[in-house]
Amino acid sequence: MEPQSAEGPRHVAVIMDGNGRWAERQGLERTEGHRAGVESVRQVVRSANELGVGWLTLYAFSSENWNRPKHEVELLMSLPEEFFEEELPEVIERNVRILSIGRRDRLPPSVRASLENAEEKTAHNTGMRLVFALSYGARGEIVDAVKRLVRDGRVDADDIDEKTFAAYLDQPEMPDVDLLIRTGGEQRLSNFLLWQVAYAELVTLDCMWPDFRREHLEAAMGAFGDRERRFGLTGAQVRSGGGS
Ligand code: FPP
């Protein structure tokens, strides 16, 4: 399926929160919640692809998550590898391209290798972009972009505008986020895609991530469709289709 439907969100980003609570409520270890969350990842990838989403970015591991207990970090680090091993054939079949953002130099070598393998094997796919944010923090991404820009040495300070700057972010081709979904009932951005969410519509859901299914994505996309996006204009300007 080709990216982007007519009116739907082109770029959907998801803060997959609530795994720990989902598990604790059932008397299970928190890590069981993360394991169960992988099924929701499978489902959201399929559903987003079928619903014509162009870019899907999933917050799988934040730079702050390194401070969690060692066994939880180890479990979280094992999930992308397992996912790529099991899902790569279907991802390829669906013409989905896998990408990542975040500090990949901090990832264990085997995780990094499996990620690079998935990126390589899907590099020529032209359908939905599936981006895993791994060891990712938005402030870190912005700092890294500044470093690249300065090291590049080709851009005069007076020539830096938003477009030039964005070209130095982790995925230069990544469009702005249209719809940001957060599960788990909290109303926070948690250092996720701070540059790219400038004009995103935010939908927070009470459902815990392991319970997330296609109907939740459809509900969030429906809510997005009902919003009037103004980009700083007045409602009247937006409805008349002009900015002047
Ligand atoms: C936040 O829930 C979630 C995470 C820190 C990890 C999210 C990871 C997955 C859903 C699996 C990723 C899978 C792949 C294939 C990359 P939490 O633990 O903070 O939940 P809580 O707020 O209830 O404690």
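Residues in the sequence shown are numbered from 0 upward in steps of one, following numbering that gives the first Met the number 0.
Cβ atoms here follow ideal geometry from the backbone N, Cα and C, with glycine treated the same way.
This structure is a prediction, so every number in the text was calculated from the model and none was measured.
Buried or exposed for Y198, please, with buried defined as at least 16 other CB atoms from any protein chain shown within 10 angstroms of its CB.
Counted from its first residue, the sequence shown places residue 198 at position 199. Result: exposed.
I think G17 touches M220, with their Cβ atoms under 8 Å apart; what is that distance to the nearest whole Å?
On the sequence shown, position 18 is the one that residue 17 refers to. On the sequence shown, position 221 is the one that residue 220 refers to. Rounded, the Cβ-Cβ distance is 20 Å, inconsistent with contact.
Would you check if there are 3 or more beta carbon pairs closer than 8 Å linking the segment 210 to 224 to the segment 47 to 57?
They touch, by the three-pair rule.
Is the beta carbon of T182 closer than 8 Å to that of F211?
Taking the sequence shown and counting its residues from 1, one reaches residue 211 at position 212. Taking the sequence shown and counting its residues from 1, one reaches residue 182 at position 183. A contact, by the Cβ cut-off of 8 Å.
Please find out if some non-hydrogen atom of the ligand ZN comes closer than 7 Å to the beta-carbon of N18.
Among the ligands modelled here, namely the ligand FPP, the ligand ZN does not occur.
Do the segment 110 to 127 and the segment 65 to 73 meet, that is, are 3 or more Cβ pairs less than 8 Å apart?
Short answer: they don't touch.
Quick check: is any heavy atom of the ligand FPP less than 7 Å from the C-beta of H33?
Position 34 of the sequence shown, counting from 1, holds the residue named residue 33. Yes; taking the cut-off as 7 Å, the Cβ of H33 has a heavy atom of the ligand FPP nearer than that.
Can you find at least 3 beta carbon pairs, one from the segment 170 to 185 and one from the segment 9 to 16, that sit closer than 8 Å?
They touch, by the three-pair rule.
Assuming H33 is part of the alpha helix (DSSP H), what are its boundary residues?
Working through the sequence shown from its first residue, we reach residue 33 at position 34. Segment 29 to 49, the alpha helix (DSSP H) holding H33.
Determine which residues share a DSSP beta bridge with E200 and list them.
Looking up residue 200 in the sequence shown gives position 201. Looking at the DSSP assignment, E200 forms a beta bridge with L178.
Pick from R29, V40, A144: whose alpha carbon is nearest that of I159?
The count along the sequence shown starts at 1 and reaches residue 159 at position 160. If we check each option's Cα against that of I159, A144 comes out closest.
Taking only heavy atoms of the ligand FPP into account, decide whether any of them is closer than 7 Å to the Cβ of A59.
Against the sequence shown, residue 59 aligns to sequence position 60. Yes, the beta carbon of A59 sits closer than 7 Å to at least one heavy atom of the ligand FPP.
Taking three-plus beta-carbon pairs below 8 Å as touching, is the segment 116 to 136 in contact with the segment 88 to 104?
At 8 Å Cβ cutoff, the stretches touch.
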